[in-house]
Amino acid sequence: MDTSVQLKQIQSFVNKLGVMRLKDLIKAVRNCKTAADERAVIAKESAFIRTQFKEENNDTRHINVSKLLYIFMLGYPAHFGQIECLKLVASNKFSDKRLGYLGIMLLLDENQEVLTLVTNSLKNDLNHSNMFNVGLALCTLGNISSVEMARDLSSEVEKLLGNSNTYIRKKAALCALRIIRKVPDLLDNYVIRANKLLNEEKNHAILLTGTTLLIEMCQLSKNVLNDTRKNVPRLVRILRNLVNNNYSAEHDVNGVSDPFLQVQILRLLRLLGHNNVEASDLMNDVLAQVATNTDNAKNVGNSILYETVLTIMNIESEKSLQVMAINILGRFLSNRDNNIKYVALTTLCQVASILTDSSSLQRHSSTIIDCIKDTDISIRKRAIDLAFILMNRQNIRVLARELLVSLETTTNEEKSKISRRLCECANRYKPNKRWEIDTVCRVLKIAGGHVEQDVINNFIRLISTSSTELQQYATSKLYNILNKKNDTVESQEGLQLATIWCIGEYCDLLLQSPLDDSLAINDEDETNNSSTEIPSETEVIDLLERLIEGSHVTNKIRQYILIALVKLTNKLSSNCRDRNNSIIAKYKTNINLEIQQRAVEFSSLNNLNDDIRSVVLDRMPALENTKEKKSSSSSSNVS
Numbered sequence: 000m001d002t003s004v005q006l007k008q009i010q011s012f013v014n015k016l017g018v019m020r021l022k023d024l025i026k027a028v029r030n031c032k033t034a035a036d037e038r039a040v041i042a043k044e045s046a047f048i049r050t051q052f053k054e055e056n057n058d059t060r061h062i063n064v065s066k067l068l069y070i071f072m073l074g075y076p077a078h079f080g081q082i083e084c085l086k087l088v089a090s091n092k093f094s095d096k097r098l099g100y101l102g103i104m105l106l107l108d109e110n111q112e113v114l115t116l117v118t119n120s121l122k123n124d125l126n127h128s129n130m131f132n133v134g135l136a137l138c139t140l141g142n143i144s145s146v147e148m149a150r151d152l153s154s155e156v157e158k159l160l161g162n163s164n165t166y167i168r169k170k171a172a173l174c175a176l177r178i179i180r181k182v183p184d185l186l187d188n189y190v191i192r193a194n195k196l197l198n199e200e201k202n203h204a205i206l207l208t209g210t211t212l213l214i215e216m217c218q219l220s221k222n223v224l225n226d227t228r229k230n231v232p233r234l235v236r237i238l239r240n241l242v243n244n245n246y247s248a249e250h251d252v253n254g255v256s257d258p259f260l261q262v263q264i265l266r267l268l269r270l271l272g273h274n275n276v277e278a279s280d281l282m283n284d285v286l287a288q289v290a291t292n293t294d295n296a297k298n299v300g301n302s303i304l305y306e307t308v309l310t311i312m313n314i315e316s317e318k319s320l321q322v323m324a325i326n327i328l329g330r331f332l333s334n335r336d337n338n339i340k341y342v343a344l345t346t347l348c349q350v351a352s353i354l355t356d357s358s359s360l361q362r363h364s365s366t367i368i369d370c371i372k373d374t375d376i377s378i379r380k381r382a383i384d385l386a387f388i389l390m391n392r393q394n395i396r397v398l399a400r401e402l403l404v405s406l407e408t409t410t411n412e413e414k415s416k417i418s419r420r421l422c423e424c425a426n427r428y429k430p431n432k433r434w435e436i437d438t439v440c441r442v443l444k445i446a447g448g449h450v451e452q453d454v455i456n457n458f459i460r461l462i463s464t465s466s467t468e469l470q471q472y473a474t475s476k477l478y479n480i481l482n483k484k485n486d487t488v489e490s491q492e493g494l495q496l497a498t499i500w501c502i503g504e505y506c507d508l509l510l511q512s513p514l515d516d517s518l519a520i521n522d523e524d525e526t527n528n529s530s531t532e533i534p535s536e537t538e539v540i541d542l543l544e545r546l547i548e549g550s551h552v553t554n555k556i557r558q559y560i561l562i563a564l565v566k567l568t569n570k571l572s573s574n575c576r577d578r579n580n581s582i583i584a585k586y587k588t589n590i591n592l593e594i595q596q597r598a599v600e601f602s603s604l605n606n607l608n609d610d611i612r613s614v615v616l617d618r619m620p621a622l623e624n625t626k627e628k629k630s631s632s633s634s635s636n637v638s
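Using numbering that gives the first Met the number 0, read the sequence shown as starting at 0 and increasing by one per residue.
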């Protein structure tokens with residue numbers, strides 16, 4: 000009864016002062032219809048709070064600070080209340096102290112000079128007899144500790160790690176985590192006490208904070224990592240108990256016993272078992288148990304399975320365990336949740352390089368192909384990355400076919416990357432040269448406007464080093480693709496450049512009957528077979544003339560066509576030769592200096608003797624791979 004009377008007296012006192020309560024301020028802000036109205040309310044109240052702070056009114060300080068914190072959370076400036084928070088922290092009232100520490104955590108950060116003023120209050124509260132005061136100080140120190148504060152208060156936190164009160168110990172462990180992150184030199188002071196936290200097997204809060212602290216320590220120090228390996232049997236026992244124990248309402252989350260602790264233990268085991276066979280052997284059985292017994296019907300189970308997979312793949316685990324881990328990720332790929340699919344694909348990309356035998360991963364090729372067709376662009380990207388990692392001589396045909404289909408719908412930025420990687424894989428794993436030529440032709444047809452120059456150069460080099468039959472096949476294939484008068488196809492610059500180069504070099508082969516009847520031109524992406532009719536000289540020149548005057552022509556294409564036309568004068572009849580010369584002559588006055596120079600020089604070749612001109616315009620020899628030549632020469636120089 001006395002308490003209610005006191006509250007009424009305080010309320011009446013506040014009302015007399017005309018101080019707006021926090022509840023009233025929230026209501027006023029919510030009633031604002033426009034952003035301008037809200038700014039006006041906040042500006043008026045901020046001015047009133049400033050005035051109150053200047054008057055040093057202790058009775059209303061906590062009300063004004065609470066309103067100021069609300070104003071800060073709305074995104075408005077509240078830095079002028081920092082000193083008032085320090086005054087509340089120095090108060091003997093727990094409610095004032097709690098509000099003051101909250102204000103310090105919100106309004107201050109480790110870089111502000113005002114923070115040094117709170118060090119003494121923190122030290123006093125860390126040594127306070129009331130555990131809740133100690134808890135407030137530990138929370139604040141753990142959130143905003145600077146390097147100087149960490150050094151000044153490290154001894155107090157170290158002492159509290161050995162406190163008999165579990166409430167204090169768990170907060171001290173998290174505070175120690177902040178301290179060693181700020182000052183790694185202080186790490187050795189906490190090693191013994193941190194390891195002792197694992198003895199509290201019945202207190203999950205202590206275990207969770209202790210495990211988190213040890214993870215950070217192991218990442219910072221190899222000596223601590225080696226010393227902590229003695230705890231592997233204990234960690235294995237705790238994890239096994241969590242997996243096998245019956246239902247516990249206190250720790251249950253969707254039917255899983257304390258998943259947060261399980262995840263942290265798995266992360267610590269991952270560090271302890273990395274590159275250590277002895278520690279890995281101790282945890283193999285329990286990892287298999289977790290992978291087998293954890294229910295994947297809900298996300299909480301999937302999170303544990305994900306951490307289990309990462310642990311298995313990062314320790315010296317048995318081969319059967321690695322297969323189990325890959326199968327878990329394979330099940331993730333079939334999940335309806337796109338987040339789980341993405342995580343699985345990302346993880347598979349990471350572990351694919353670790354696996355010595357990719358057969359377990361190859362079993363999930365069909366699921367990965369389904370992900371390539373997914374509507375989510377993020378999943379498609381990851382699935383494509385994984386497909387390139389998995390590609391080998393056995394599956395190159397299947398995966399390349401799917402990647403070519405996806406290439407048609409992907410973004411322009413991705414087309415460049417996929418095209419380059421696909422052409423590289425086609426060169427590395429090709430079943431034969433004819434298949435590689437077909438694949439690169441399809442790439443150029445779909446994404447020729449986005450391929451890098453290296454892709455075109457390598458394709459031209461491939462054709463120049465092939466047999467005469469394949470040179471004829473490639474030239475005919477490229478000619479037929481461009482001769483369909485498809486505007487989309489003609490817009491692919493890379494396709495035009497490769498075709499023009501081949502026509503210039505191998506037009507004599509293009510005009511002949513097939514040298515090898517088994518090399519039938521049949522585009523896989525077409526509904527009808529491509530035309531296999533042998534073109535005439537006139538039709539070839541018609542194509543070049545259409546391209547050089549087309550809407551998609553660039554200066555680079557014009558240069559290629561001029562070279563092709565002058566080369567054809569050495570291979571075609573006199574009538575066609577005259578037509579070529581007339582086309583070249585049109586560009587002798589072109590505004591582009593490079594094109595103009597080429598046209599003039601090519602026209603002057605007509606004045607040369609036929610024998611000399613035929614030598615100048617003869618077919619180029621097989622092109623060498625300059626990169627390979629440089630690397631081989633450098634290696635020979637080294638040897």
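Yeah, the Cβ is synthetic: ideal placement off N, Cα and C, and Gly gets one too.
Please name the residue, chosen from the options, that lies closest to residue i on a Cα-to-Cα basis.
| i | options | result |
| --- | --- | --- |
| L543 | K380, N240 and I582 | I582 |
| N313 | I327, Q361 and L354 | L354 |
| L196 | E249, L234 and V242 | L234 |
| G134 | D151, I167, S154 and G141 | I167 |
| Q393 | S359, C422, I368 and Y428 | Y428 |
| N57 | D95, E593 and Y478 | D95 |
| N426 | K414, N334 and V454 | V454 |
| W500 | L398, Q511, V539 and L152 | V539 |
| L152 | S120, N132, K169 and L238 | S120 |
| V276 | V252, S316, R239 and N295 | S316 |
| V285 | A296, G272, N337 and N295 | G272 |
| L360 | I378, F387 and T374 | F387 |
| L641 | S550, L546 and E504 | There is simply no residue 641 to check, as the chain begins at 0 and stops at 638 in what is shown. |
| I436 | T537, N574, T474 and K380 | T474 |
Round the Cβ separation of residue i and residue j to the nearest angstrom and send it over; I've been treating them as touching at under 8 Å.
| i | j | result |
| --- | --- | --- |
| T661 | L267 | This structure leaves residue 661 out entirely; the chain is present only between 0 and 638. |
| L101 | A77 | In fact, because the Cβ distance is near 12 Å, the residues do not count as touching under 8 Å. |
| K181 | A136 | 17 Å between Cβ atoms; not a contact. |
| V289 | I303 | 7 Å |
| L443 | L494 | 4 Å |
| T227 | C217 | 6 Å |
| L320 | I311 | 5 Å |
| A621 | S463 | 5 Å |
| V299 | V255 | 5 Å |
| I678 | Y478 | The requested residue 678 does not occur in the structure, where the chain is confined to residues 0 to 638. |
I need the DSSP call for residue i, collapsed to helix, strand or coil.
| i | result |
| --- | --- |
| S65 | helix |
| D251 | strand |
| S45 | helix |
| S256 | strand |
| Y75 | coil |
| A621 | coil |
| Q491 | coil |
| V18 | coil |
| L354 | coil |
| Q511 | coil |
| M0 | Because the pLDDT of M0 is 49, which lies under 50, any placement of that residue in the model is unreliable, and the number read from its coordinates should be weighed accordingly. Coil. |
| V552 | coil |
| A386 | helix |
| T293 | coil |
| E525 | Confidence at E525 is low in this model, with a pLDDT of 47, below 50, so its placement is unreliable and no value can be given for it. |
| R441 | helix |
| K92 | coil |
| E182 | The displayed chain sequence assigns Val, not Glu, to residue 182. Here V182 sits in coil by DSSP. |
Grab the span of the alpha helix (DSSP H) containing residue i for me, first residue to last.
| i | result |
| --- | --- |
| M390 | Careful: M390 lies outside any alpha helix (DSSP H) and carries neither H nor E. |
| L481 | T467 to L481 |
| H203 | H203 to L219 |
| V235 | V231 to N243 |
| R612 | D609 to V615 |
| E83 | Q81 to V88 |
| N457 | Q452 to S463 |
| S153 | V146 to L159 |
| S415 | N411 to Y428 |
Within 8 Å (strictly less), CB to CB, does residue i reach chain D?
| i | result |
| --- | --- |
| T291 | Chain labels in this structure do not include chain D; a single protein chain is all it has. |
> Enumerated in chain order, which unbroken segments of the beta strand (DSSP E) with a length of 3 residues or greater are wholly contained in the region 107–133?
Replying inline: Scanning the region 107–133 from its first residue to its last, no whole beta strand (DSSP E) run of 3-plus residues comes out.
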